[in-house]
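First the structure, in the form of structure tokens, and then the observations on it.
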Amino acid sequence: MSDAPAEPPLSETARRTWAPADYPGCPITVDIALAQGRQLRAPRWGIPDAIIPLLGFVLISVAIAAGGSFLDLPLPVLLLLGISLPWIALAGWPLLTTSFQGNGPRIDLGLRLTWSDLGWGVIGGVAALMAGGAIALLLQAIFGEFTSAAGEVGDQLRDEGPMLAVVAFALCVAIGAPIAEEIAFRGMAYNALAKRGLSTVWVIAITTVAFSLFHLEPVRAPILLASGLVLGLLRWRTRSLGAPIVAHAVNNLPGAAFLLLG
Numbered sequence: 003m004s005d006a007p008a009e010p011p012l013s014e015t016a017r018r019t020w021a022p023a024d025y026p027g028c029p030i031t032v033d034i035a036l037a038q039g040r041q042l043r044a045p046r047w048g049i050p051d052a053i054i055p056l057l058g059f060v061l062i063s064v065a066i067a068a069g070g071s072f073l074d075l076p077l078p079v080l081l082l083l084g085i086s087l088p089w090i091a092l093a094g095w096p097l098l099t100t101s102f103q104g105n106g107p108r109i110d111l112g113l114r115l116t117w118s119d120l121g122w123g124v125i126g127g128v129a130a131l132m133a134g135g136a137i138a139l140l141l142q143a144i145f146g147e148f149t150s151a152a153g154e155v156g157d158q159l160r161d162e163g164p165m166l167a168v169v170a171f172a173l174c175v176a177i178g179a180p181i182a183e184e185i186a187f188r189g190m191a192y193n194a195l196a197k198r199g200l201s202t203v204w205v206i207a208i209t210t211v212a213f214s215l216f217h218l219e220p221v222r223a224p225i226l227l228a229s230g231l232v233l234g235l236l237r238w239r240t241r242s243l244g245a246p247i248v249a250h251a252v253n254n255l256p257g258a259a260f261l262l263l264g
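Quick note: the sequence shown uses the numbering used here, first residue 3, plus one each step.
Quick look at the structure:
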């Protein structure tokens, strides 16, 4: 019999090679890749890469508004461009930087969807709707009737554009926004803060407040805080982006339906 120490499991060996970039709260996809014996690169992205998408979103939005006025674009075209094109920065930069400075968005950001993620996402989406609805009733009692920025855009599209533009906008609300915003906030921002060493409580708090402020809707800020908190908890519970994306879509679905139904 040999007295040589036993070799550690392959996953432990792989984990040590990735130790400089390993951090509490990393996506479950990191653990899966390490357990498979994959050699992962230490991610070189960080907090600046979480800020760049937000700045890019603002710059593209301003450029579209200025360019649309200069070119005298029809209102439906201008509104749809203003909604969708800024997502190039919001979601595009995290996808790009994790691909070139890490191991890709699937591993570094937890961009996956399993049946478990789907189930948790539906539960979380219903919870966000219930919490947001209760807060909305309270805000309505205090401030009176109010609407969302999406509702106002929907009204403009219905008045100015063809029904096809309304349908396209509803799809943006129900599908596009959840994917782009979750990649930016519960994806890049969450992981950048966790990799920096912040506790889970602070990571969820910062990303929730940033998510609320990002929408620039002061009256609806408490509703956005409640939904953002649910989405952050889902990211923590499932350690992936699938559940927050599904929950976000479920939360936005009634609004998209109301846009279609007028």
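Glycine included, every Cβ here is placed at the ideal spot set by N, Cα and C.
A quick note: this is a predicted structure, and the numbers were derived from the prediction, not measured.
{"Item": "Burial state of residue 201 (16 or more Cβ within 10 Å)", "Value": "exposed"}
{"Item": "Where the alpha helix (DSSP H) through residue 132 begins and ends", "Value": "117-145"}
{"Item": "Distance between residue 57 and residue 108 (C-alpha atoms, nearest Å)", "Value": "24 Å"}
{"Item": "When 207, 73, 252 and 170 are compared against residue 187, the one with the closest alpha-carbon", "Value": "207"}
{"Item": "Backbone CA spacing between residue 211 and residue 235 [nearest angstrom]", "Value": "14 Å"}
{"Item": "Residue ranges of each alpha helix (DSSP H) within the stretch 144-204, 4 or longer", "Value": "151-162, 165-173, 179-184 and 192-198"}
{"Item": "Range covered by the alpha helix (DSSP H) that runs through residue 238", "Value": "223-240"}
{"Item": "Where the alpha helix (DSSP H) containing residue 70 begins and where it ends", "Value": "49-73"}
{"Item": "Rounded distance between the beta-carbons of residue 155 and residue 81, thought under 8 Å", "Value": "6 Å"}
{"Item": "Test item: CB-CB of residue 190 and residue 51 under 8 Å", "Value": "yes"}
{"Item": "Helix, strand or coil at residue 104 according to DSSP, with G and I counted as helix", "Value": "coil"}
{"Item": "Residue interval of the alpha helix (DSSP H) (run including residue 258)", "Value": "244-263"}
{"Item": "Exposure of residue 149, with buried meaning 16 or more beta-carbon neighbours within 10 Å", "Value": "exposed"}
{"Item": "Distance, residue 104 Cα to residue 41 Cα", "Value": "12 Å"}
{"Item": "Chain-order list of residues whose beta-carbon lies under 7 Å from that of residue 99 (same chain, five-residue window excluded)", "Value": "47 and 51"}
{"Item": "Among 45, 70 and 250, nearest to residue 101 - alpha-carbon criterion", "Value": "45"}
{"Item": "Helix, strand or coil at residue 8 [DSSP, three-state]", "Value": "Residue confidence for residue 8 is low, a pLDDT of 39 falling below 50, so the modelled location carries little weight and cannot support an answer."}
{"Item": "Beta-carbon proximity list for residue 31, same chain, < 7 Å, skipping 5 on both sides", "Value": "108, 109, 112, 114 and 242"}
{"Item": "Buried or exposed by the 16-neighbour rule on C-beta atoms within 10 Å, applied to residue 79", "Value": "exposed"}
{"Item": "Chain-order list of residues whose beta-carbon lies under 7 Å from that of residue 203 (same chain, five-residue window excluded)", "Value": "none"}
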